[in-house]
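Visitor: When we follow UniProt numbering, the leftmost residue of the sequence shown carries the number 1, and every step to the right adds one. Note that beta-carbon positions come from the ideal geometry of N, C-alpha and C, so glycine has one too. Because the structure is a prediction, the values reported are computed rather than measured.
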Amino acid sequence: MSTASPPKQMTIEEFLALPEDDSVDRMLIRGELIELPMTYRNWRHSGSEPRIAAEILKWIDTQPEPRGEVFSGEAGVLFPELESLFGIDVAYFDAEAMQLFQADDTFLTGPPTLAVEILSPSDTIKLIDAKCKDYFDGGVKVVWRVEPLNGSVTIFEPGVPPRMVSGDDEITCEPHLPGFAVPVSRFFSR
């Protein structure tokens with residue numbers, strides 16, 4: 001079994017200057033370089049990501065202008081005040097946050113309203129917990145931890161006990177995605 005390399009401290013600038021390496025999945029969490037062996041996403045993960053993004057996009061299309069936007073596929077999100085850079089599986093940024101982005105920005109800077117982490121075999125609870133802590137410290141309002149293997153989503157919000165939904169339970173995101181409600185089963189390949 002592969003293990004992660006020992007953590008190294010660095011700045012965002014140092015992180016961005018690292019040479020590209022397709023064999024390593026990198027992220028920066030509070031100035032700590034995390035390097036994991038690059039793995040292919042399993043079919044459950046790869047199937048859930050576009051389904052979740054599509055459901056959020058359908059909801060966005062029902063909203064008045066200006067609208068927010070959904071990003072997927074390890075969207076690069078920078079939290080400068082935390083010295084953190086993450087690849088988020090699915091991220092929703094509201095209309096206000098979207099107005100801050102420039103066309104030539106490499107990364108989305110600042111917190112999404114919603115961050116979705118889809119568990120993969122290479123993920124550890126420690127890593128997901130560290131990401132969630134940074135997400136909330138950085139201003140994210142809601143995190144969904146999606147578990148394709150058992151068809152469930154755990155919803156995390158600051159100051160609120162986590163809750164799990166599965167099957168035909170409806171997942172909502174009030175008040176952040178007003179009116180969004182879909183059966184959790186739509187997030188998973190049949």
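Considering only the alpha carbon of each residue, which of G139, S120, P50, F107 lies closest to P148?
Guide: P148 has its Cα closest to that of S120, out of G139, S120, P50, F107.
Visitor: Should V160 go down as buried or exposed, given a rule of 16 or more other Cβ atoms within 10 Å for buried?
Guide: The residue in question, V160, is exposed, as its Cβ has fewer than 16 Cβ neighbours within 10 Å.
Visitor: Need the endpoints of the beta strand (DSSP E) that D25 sits in, please.
Guide: From DSSP, the beta strand (DSSP E) with D25 extends over 24 to 29.
Visitor: Let me know the beta strand (DSSP E) ranges lying completely inside the segment 84 to 120, each 3 residues or longer, listed in chain order.
Guide: Counting only runs of 3 or more, we get 84 to 93, 114 to 118.
Visitor: Would you check if the distance between the CB atom of E96 and the CB atom of S72 is smaller than 8 Å?
Guide: Going by C-beta atoms, E96 is not nearer than 8 Å to S72.
Visitor: Assign S2 to one of three DSSP states: helix, strand, or coil.
Guide: Here the model assigns S2 a pLDDT of 46, short of 50, so the residue's position is not dependable and the matter cannot be decided.
Visitor: Contact check, G76 vs G68 under 8 Å by CB: the rounded distance?
Guide: Actually they do not touch by this definition, with Cβ atoms about 18 Å apart.
Visitor: So, with DSSP's three-state summary, where would you put P80?
Guide: Residue state, collapsed to three classes: helix.
Visitor: DSSP three-state call for R145: helix, strand or coil?
Guide: Reduced to three states, the DSSP call for R145 is strand.
Visitor: Using three-state DSSP, classify S46 as helix, strand or coil.
Guide: Correct three-state label for S46: helix.
Visitor: Taking the straight line between their C-alpha atoms, what separation do you get for P183 and I12?
Guide: Rounded to whole angstroms, P183 to I12 spans 39 Å at the Cα level.
Visitor: Is T154 close to chain C? Criterion is C-beta to C-beta, closer than 8 Å.
Guide: Reference to chain C is not applicable here, since this structure consists of a single protein chain.
Visitor: Span of the beta strand (DSSP E) holding F15?
Guide: Careful: F15 lies outside any beta strand (DSSP E), inside the alpha helix (DSSP H) at 12 to 17.
Visitor: Taking just the CA atoms, how far does D104 sit from F15?
Guide: Answer to the nearest angstrom: the Cα atoms are 19 Å apart.
Visitor: Residues in its own chain within less than 6 Å of I56 by CB, not counting five upstream and five downstream?
Guide: Excluding residues within five positions, the ones whose Cβ falls inside 6 Å are V70, Y92.
Visitor: Determine, using beta carbons only, whether E170 and V143 come nearer to each other than 8 Å.
Guide: No. Outside cutoff.
Visitor: Here's the rule: buried if 16 or more other CB atoms are within 10 angstroms of the residue's CB, otherwise exposed. What is A53?
Guide: Burial call: buried.
Visitor: Tell whether a beta-carbon distance below 8 Å holds between L36 and K8.
Guide: The answer is no: Cβ separation not under 8 Å.
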